[in-house]
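The sequence shown begins at 3 in the UniProt record's numbering and counts up by one. Beta carbons are placed, not taken as given, at the ideal position from N, Cα and C, and that holds for glycine. Here the structure is a predicted model, which means the values were calculated and not measured. Here the structure comes first, spelled out in structure tokens, and everything after it is commentary.
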Amino acid sequence: KIVILDFGSQYTQLIARRVRELNVYCEIHPHNKPPEIDKTVKGVILSGSPFSVRDEKSPKPDLSIYRKKLPLLGVCFGAQYLASSNGGEVLPSSTREYGRANLSFVDNTHPLMKGVSDNSQVWMSHGDTIKKLPENTKIFASTADVEIAGYEFENEDTYAIQFHPEVYHSKDGGTMLKNFIVGVCKCAQDWTPNSFVEETVEGLKEKIGNDKVVLGLSGGVDSTVAAVLLHKAIGKNLYCIFVDNGLLRKNEFESVLKQYEHLGLNVKGVDAKNKFYSALEGEKDPEKKRKAIGKVFIDVFDEESHLIEDVKWLAQGTIYPDVIESVSATGGPSQTIKSHHNVGGLPDYMKLQIVEPLRLLFKDEVRRVGRSMGLNEELLGRHPFPGPGLAIRILGDITAEKVRILQEVDYIFIEGLKKSNLYDEVWQAGAILLPVQSVGVMGDERTYEQAVALRAVESTDGMTADWCHLPYEFLAKTSNEIINKVKGVNRVVYDISSKPPATIEWE
Ligand code: XMP
Numbered sequence: 003k004i005v006i007l008d009f010g011s012q013y014t015q016l017i018a019r020r021v022r023e024l025n026v027y028c029e030i031h032p033h034n035k036p037p038e039i040d041k042t043v044k045g046v047i048l049s050g051s052p053f054s055v056r057d058e059k060s061p062k063p064d065l066s067i068y069r070k071k072l073p074l075l076g077v078c079f080g081a082q083y084l085a086s087s088n089g090g091e092v093l094p095s096s097t098r099e100y101g102r103a104n105l106s107f108v109d110n111t112h113p114l115m116k117g118v119s120d121n122s123q124v125w126m127s128h129g130d131t132i133k134k135l136p137e138n139t140k141i142f143a144s145t146a147d148v149e150i151a152g153y154e155f156e157n158e159d160t161y162a163i164q165f166h167p168e169v170y171h172s173k174d175g176g177t178m179l180k181n182f183i184v185g186v187c188k189c190a191q192d193w194t195p196n197s198f199v200e201e202t203v204e205g206l207k208e209k210i211g212n213d214k215v216v217l218g219l220s221g222g223v224d225s226t227v228a229a230v231l232l233h234k235a236i237g238k239n240l241y242c243i244f245v246d247n248g249l250l251r252k253n254e255f256e257s258v259l260k261q262y263e264h265l266g267l268n269v270k271g272v273d274a275k276n277k278f279y280s281a282l283e284g285e286k287d288p289e290k291k292r293k294a295i296g297k298v299f300i301d302v303f304d305e306e307s308h309l310i311e312d313v314k315w316l317a318q319g320t321i322y323p324d325v326i327e328s329v330s331a332t333g334g335p336s337q338t339i340k341s342h343h344n345v346g347g348l349p350d351y352m353k354l355q356i357v358e359p360l361r362l363l364f365k366d367e368v369r370r371v372g373r374s375m376g377l378n379e380e381l382l383g384r385h386p387f388p389g390p391g392l393a394i395r396i397l398g399d400i401t402a403e404k405v406r407i408l409q410e411v412d413y414i415f416i417e418g419l420k421k422s423n424l425y426d427e428v429w430q431a432g433a434i435l436l437p438v439q440s441v442g443v444m445g446d447e448r449t450y451e452q453a454v455a456l457r458a459v460e461s462t463d464g465m466t467a468d469w470c471h472l473p474y475e476f477l478a479k480t481s482n483e484i485i486n487k488v489k490g491v492n493r494v495v496y497d498i499s500s501k502p503p504a505t506i507e508w509e
């Protein structure tokens, strides 16, 4: 495997994804906890950082545990740190070093630069630049403005690149990373979805033995793939619980339950709609709604798992981005903007051991693993859906009637996207019921009814998002259909805000 030492760059996870695209396993570790090396580690990559190496508080890990023992590649801050900590000099740069640049010199005989074209486009993003190199170093790539774009320490496998090979705008960045990982580090490219499934299933068998495991299914990709993996390992000893919180999409509970049964999972559907509705009664505050839903979920789940005799494990669909210890630029904890309620976080007294078969995977890898186990595309391609469901898309308090109205609107929107082949182009879509009534006219009559908003966004991870430029004809047709078919709604608006500064959900 490859170890990535994280200095807090926004691109660190991208480095990891690029390594894994080469079918090589890698792990991200925070710079202040550099892992010991054992024989599974074949190389180390130092990430970029929001810090400047000139900043007194910037990270200064001791790299002697890796230097000359393993191939090492410093990227951006990593490259500057390798320079400044070895007698070189890093200063604020006088020319702009952001965005596109082209290599003006490439040493194609260099191990990292094999197959990299002359003039290759690279992506820069730094305010500092290396002014003076340490001794015993040699430049292997330059741009017009940045002479020291790539350099190496002679007689050792230590390399440094000031631009970002991991971003897609660095055209030959993938080649350079491959040269390092496969060429220099000699990693075998054998970490594939199939090998992951095989190893994980073996590991789960060994870990769990004949114990019973309980898992909460949500209908989403992660919990489903986790369940199928566990099912492969322990069969009927996996007990799945799927709770109907009354806040799901129209027909979702029944149709998802059927799909689960089809997959051979041992799943119990629990209708707890009324419990959720009573806990939510009159509650208008978004955070309190989330908390109430989280609490009822735990109560219901707890009650159901107590019915399973002798259960020892709780399985969760946690994925890698939730696990990575993040490095925050300020050193303080990052601020909670919304308290996401997800399946999990069960009370201590349940005393179950936790098993998380997907904790090493990114979302797209979860999908690939699901695909390799034969899950259908419809299931794997589903849009993300928040744990508190429609509750955070009904602004203000929740009633069963409001849920019904929103379900109808959402259904028309989502089915429309599917019929127009737009569903897969959208990362997430849904409808929001606004606490607003407005005047309309239907036939000869004046109406005074609800307004709904439609939201469709493009994103890769939900952290940032842009609104989708859906075709006007599609929006026109959808709006018409909603107003004609859904009693109680006489106005449809389309949300054209990006995140940031807005968020994807309205609450
Ligand atoms: P925001 O609204 O924060 O949403 O831009 C980002 C992503 O997170 C989802 N989301 C939630 N998921 N529990 C969840 O499980 C929540 O409370 C929650 N709030 C937002 C949202 O649907 C989007 O995919």
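Spatially closest choice to residue i from the options, by CA coordinates
{"i": "D213", "options": "I6, L354, S422, Y425", "result": "L354"}
{"i": "T202", "options": "R20, V459, L219, L362", "result": "L362"}
{"i": "G490", "options": "L259, E403, K140", "result": "E403"}
{"i": "D412", "options": "I434, I394, S422", "result": "I434"}
{"i": "residue 513", "options": "I300, T401, T466, G284", "result": "This structure leaves residue 513 out entirely; the chain is present only between 3 and 509."}
{"i": "V43", "options": "L424, S60, K188", "result": "K188"}
{"i": "T177", "options": "V148, G211, Q123", "result": "Q123"}
{"i": "C470", "options": "F244, G432, L219", "result": "G432"}
{"i": "N378", "options": "F364, E305, N181, Y262", "result": "Y262"}
{"i": "G76", "options": "S144, K234, L179, P94", "result": "L179"}
{"i": "N110", "options": "A103, D120, K209, P136", "result": "D120"}
{"i": "F182", "options": "K421, V428, D57, V26", "result": "V26"}
{"i": "Q430", "options": "S440, Q439, L419", "result": "L419"}
{"i": "L217", "options": "K291, S197, V245, R370", "result": "V245"}
{"i": "H166", "options": "T97, C78, D312", "result": "C78"}
Cβ distance (whole Å) where residue i is taken to contact residue j below 8 Å
{"i": "I295", "j": "P437", "result": "Wrong, their Cβ atoms sit about 19 Å apart, outside the cutoff."}
{"i": "I47", "j": "I17", "result": "6 Å"}
{"i": "L249", "j": "V368", "result": "No, L249 and V368 are not in contact; Cβ-Cβ is about 24 Å, not under 8 Å."}
{"i": "F142", "j": "L105", "result": "Their Cβ separation, rounded to whole angstroms, is 10 Å, which puts F142 and L105 out of contact at 8 Å."}
{"i": "T14", "j": "I30", "result": "6 Å"}
{"i": "L231", "j": "P386", "result": "The Cβ separation is near 20 Å, so there is no contact."}
{"i": "Q82", "j": "I132", "result": "6 Å"}
{"i": "A162", "j": "A85", "result": "7 Å"}
{"i": "P73", "j": "G45", "result": "4 Å"}
{"i": "F278", "j": "N247", "result": "5 Å"}
{"i": "R251", "j": "Q409", "result": "6 Å"}
Which of helix, strand or coil DSSP assigns to residue i
{"i": "A146", "result": "coil"}
{"i": "N196", "result": "helix"}
{"i": "G248", "result": "coil"}
{"i": "L16", "result": "helix"}
{"i": "P288", "result": "helix"}
{"i": "Y474", "result": "helix"}
{"i": "F415", "result": "helix"}
{"i": "V443", "result": "strand"}
{"i": "R22", "result": "helix"}
{"i": "F387", "result": "coil"}
{"i": "F255", "result": "helix"}
{"i": "K501", "result": "strand"}
{"i": "V184", "result": "helix"}
{"i": "V108", "result": "strand"}
{"i": "A274", "result": "coil"}
{"i": "Q430", "result": "strand"}
{"i": "I326", "result": "coil"}
{"i": "N157", "result": "coil"}
{"i": "residue 527", "result": "Outside the shown range of the chain (3 to 509) lies residue 527, about which nothing can therefore be said."}
{"i": "E283", "result": "coil"}
{"i": "L354", "result": "coil"}
heavy atom of the ligand XMP below 7 Å from residue i C-beta
{"i": "K234", "result": "no"}
{"i": "I485", "result": "no"}
{"i": "E289", "result": "no"}
{"i": "E507", "result": "yes"}
{"i": "R292", "result": "yes"}
{"i": "I498", "result": "no"}
{"i": "P37", "result": "no"}
{"i": "I416", "result": "no"}
{"i": "K501", "result": "yes"}
{"i": "G389", "result": "yes"}
{"i": "I394", "result": "yes"}
{"i": "G464", "result": "yes"}
{"i": "P386", "result": "yes"}
{"i": "Q82", "result": "no"}
{"i": "Q430", "result": "yes"}
Residue i: CB within 7 Å of a non-hydrogen atom of the ligand ATP
{"i": "Q318", "result": "By its list of ligands, the structure shown excludes the ligand ATP, since it contains just the ligand XMP."}
Beta carbon proximity, residue i to chain B, threshold 8 Å
{"i": "R361", "result": "In the structure shown, chain B cannot be found, because there is only a single protein chain."}
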